[in-house]
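Student: Counting from 1258, one number per residue, gives the positions in the sequence shown under the working numbering. Just so it is clear, CB atoms sit at the ideal spot from N, CA and C, and this is done for glycine as well. Sharing a structure with you now.
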Amino acid sequence: MKICRVEKPLVATNRIPGLEHRHLQVVLDGKNRMVAVDAVGCTPGDWVLCVGSSAAREAAGHKDYPSDLTIVGIIDHWAED
């Protein structure tokens, strides 16, 4: 799992089948920007828990889902160091 901060939504109008109705978010992990499937409904500025690899596909909805990173939780309180 990774702790990331949601930076902004990502809008992609053309998507492969199965990805059409999922929200995408740009997340920041330190200095790296990544795109994550939003499975929980977070907003910009939220601190979130993200999973990768096969856990990301399962969390996004199915083991065949094309995701490398999925947001699985919103952190209620996080003191940024």
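Is it right to say Arg1333 is buried, meaning 16 or more other beta carbons lie within 10 angstroms of its own, or is it exposed?
Tutor: The identity of residue 1333 in the sequence shown is Asp, whereas the question assumes Arg. So Asp1333 counts as exposed.
Student: Quick check on the DSSP output: the beta strand (DSSP E) that includes Ala1293 runs from which residue to which?
Tutor: Per DSSP, Ala1293 belongs to the beta strand (DSSP E) from Asn1289 to Asp1295.
Student: Taking the alpha carbon of Lys1265 as the point to measure from, which residue in Val1283, Asn1289, Gly1330 and Val1292 has its own alpha carbon closest?
Tutor: With distances taken between Cα atoms, Lys1265 lies closest to Val1283.
Student: Assign Leu1285 to one of two classes, buried (16 or more other C-beta atoms within 10 Å of its C-beta) or exposed (fewer than that).
Tutor: Exposed: under 16 other Cβ atoms inside 10 Å.
Student: Please report the straight-line C-alpha distance between Leu1267 and Val1305, rounded to a whole angstrom.
Tutor: Their Cα atoms are separated by approximately 16 Å.
Student: Under 7 Å Cβ to Cβ from Gly1330, same chain only, skipping five residues before and after it: list those, please.
Tutor: Contacts found: Val1297, Val1305 and Leu1306.
Student: Is it right to say Ser1310 is buried, meaning 16 or more other beta carbons lie within 10 angstroms of its own, or is it exposed?
Tutor: Classification of Ser1310: exposed, given that the 10 Å Cβ count is below 16.
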